[in-house]
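To keep things clear, I will list the structure first and then write my remarks on it.
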Amino acid sequence: MNGERGAAMLWLLFIVALLLILGTSLLYLARSELAVSGHLINATRAQYAAEAGIKLAVTHLGQSFPELGEEGWLYEHADEPVFAVRAEKKDYRTLLITSVGYAGGLAQKAEVLAVYRPLGRQVLVAGDIAAGALVAEGHVAAREVLFTAGASSIDGDLRAEWVEAAGGAAFAVSGHICPDWPQRETDVDFSGLMLQAAREDWEEPPPSADGGYIITGPAAGTLFAPGDTVIALQEAADCFLVVDGDLTVNGWAPGSRMAALAAGDVILPPAAAWEGSLFLYAAGKILRSGEDMLSFDGCLVACEMDVSKLHVRYCDEAALAYLKLLPKELFRLGATFDLEWTDPEPRR
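The numbering of the sequence shown is my numbering, which starts it at 982 and goes up by one.
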């Protein structure tokens, strides 16, 4: 009997020992799991903090990129989320943005190549747009858009408070139709541009027979025309042009690159297919009519537009070439960056 009790006691002690060992192991595992979970949580928080730094840099530098020097830009954020972000120029349009986020004693890095888009891929920007048979490869932004005739297509977003198709017109949008037109001030200070032209002795285009000015090419550098001007290029031009009057574009030479701002209206030709890059700003209207399609690469900005049979592909090469000369007001139209993450799977 005593032997049976001894055996039972031994089994009980053995079971208790096993339970103690198991409990200790489970506690150790739980502690390890908590430590790993805490590490992962802090790593994720640090990653998000780093990406918050990228977002801040993109938002801030979209407006100030033209003034960014070779020394780059550095910012440290001491409150949650904690990060330090730095941007440095790789070339005339590309930044390398590096951000390090911190959480729970851990650090995570996020890095992107950011390609500057001074107009945010907006191919047409105006207060009011009337368009017939429009083909826009890029975003269109306006307070009011009226499609007047034919079939129009927008390969991008349509950003407008009011949109209507009249007279059997139709339109298709590949992106979003956004009803919230962002109110933006686009008026350019032409008096300041004229003073700059006089101070820096910008070249004046040759006079035309009708009393205005004409540019036939080749033209290069900065030009100021104190009256109505006609562009009728016979040779390639690469220039920045300010016109105190109306600007009429009658001819274009392949490979040209031009940024032109007119204090009056801009009149586009009946038909053509251009190679190159053209940025146009009109303090008045941009006008275009004709039976055949006008096709080119560039961006158009005006208070009003009345255009038909127009095919514009977003291209900001002309704007980027003369970034230092373009008025700052234009960069409030939605300047941004195209981002290429060095980490193929950022935790955004």
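Heads up, the beta-carbon is just placed ideally off N, CA and C, and yes, glycines get one too. Predicted, not measured: the structure shown is a model, and the values here were computed from it.
Only residues of its own chain outside the window of five on either side were considered, and among them ALA1130, GLY1131, ALA1132, SER1133, SER1289, LYS1290 have a CB closer than 7 Å to the CB of ALA1114, listed in chain order. Taking all protein chains shown into account, THR1040 has fewer than 16 neighbouring C-beta atoms within 10 Å of its C-beta and is therefore exposed.
DSSP places LEU1100 outside both helix and strand once states are collapsed to three, so it counts as coil.
In this chain, the alpha helix (DSSP H) harbouring LEU1176 covers 1171-1180.
Contact check for ARG1269 against LEU1275 passes: the beta carbons are separated by less than 8 Å.
Around the beta-carbon of LEU1042, 16 or more other beta-carbon atoms lie within 10 Å, marking it buried. With a contact defined as Cβ atoms closer than 8 Å, LEU1204 and CYS1220 qualify at about 6 Å. Between the C-alpha atoms of ASP1319 and LEU1001 there is a straight-line separation of about 59 Å. Assigned with DSSP and collapsed to three states, GLY1053 falls in coil, not helix or strand. In this structure, DSSP gives GLY1113 an extended state, which the three-state scheme calls strand. DSSP places LEU1281 in no alpha helix (DSSP H) but in the uninterrupted beta strand (DSSP E) bounded by 1275-1295. Here LYS1309 is exposed. Its C-beta has fewer than 16 other C-beta atoms within 10 Å. The Cβ atoms of ALA1150 and GLY1137 lie no closer than 8 Å to each other. DSSP places SER1133 within a strand segment (E or B) once states are collapsed to three. Assignment of beta-bridge partners to GLU1092 by DSSP yields THR1079.
Under the criterion of beta carbons closer than 8 Å, GLN1215 and GLY1198 qualify as touching, at roughly 6 Å. Judged by beta-carbon spacing, VAL1104 lies within the 8 Å limit of TYR1295, meaning their Cβ atoms are closer than that value. Contact check for ALA1112 and ILE1035: beta-carbon distance about 36 Å, past the 8 Å limit, so the pair fails to qualify.
Rounded to the nearest angstrom, the Cβ distance from ILE1110 to MET1286 is 5 Å, consistent with a contact under 8 Å.
For ALA1302, the enclosing alpha helix (DSSP H) has its first and last residue at 1298-1302. In the pairwise beta carbon analysis, the region 1054-1061 is classified as not touching the region 1296-1315: fewer than three pairs are separated by under 8 Å. Taking the Cα of GLU1125 as reference, the smallest distance to any Cα among VAL1247, ARG1102, VAL1144 is reached at VAL1144. VAL1230 is not a Cβ neighbour of ALA1244, given a cutoff of 8 Å.
Residue pairing of ASP1209 in beta bridges, as defined by DSSP: absent, with no partner found.
Using a Cβ distance threshold of 8 Å, GLU1321 and VAL1093 count as a contacting pair. Distance between GLU1272 and HIS1120, taken at the CA atoms: about 25 Å. Given a length threshold of 3 residues, each whole run of the beta strand (DSSP E) inside the region 1211-1260 is given here in chain order: 1219-1224, 1228-1232, 1237-1243.
VAL1063 and GLY1086 have their alpha carbons spaced roughly 11 Å apart. In the DSSP assignment, LYS1070 falls within the beta strand (DSSP E) that extends over 1063-1070. The criterion of a C-beta distance shorter than 8 Å is not satisfied by ALA1217 and ALA1190. Close CB contacts of ALA1206 within its chain, under the 6 Å cut and outside five residues either way in sequence, are with PRO1186, TYR1194, VAL1224 (chain order). DSSP places PRO1047 in the helix class (H, G or I) of the three-state scheme.
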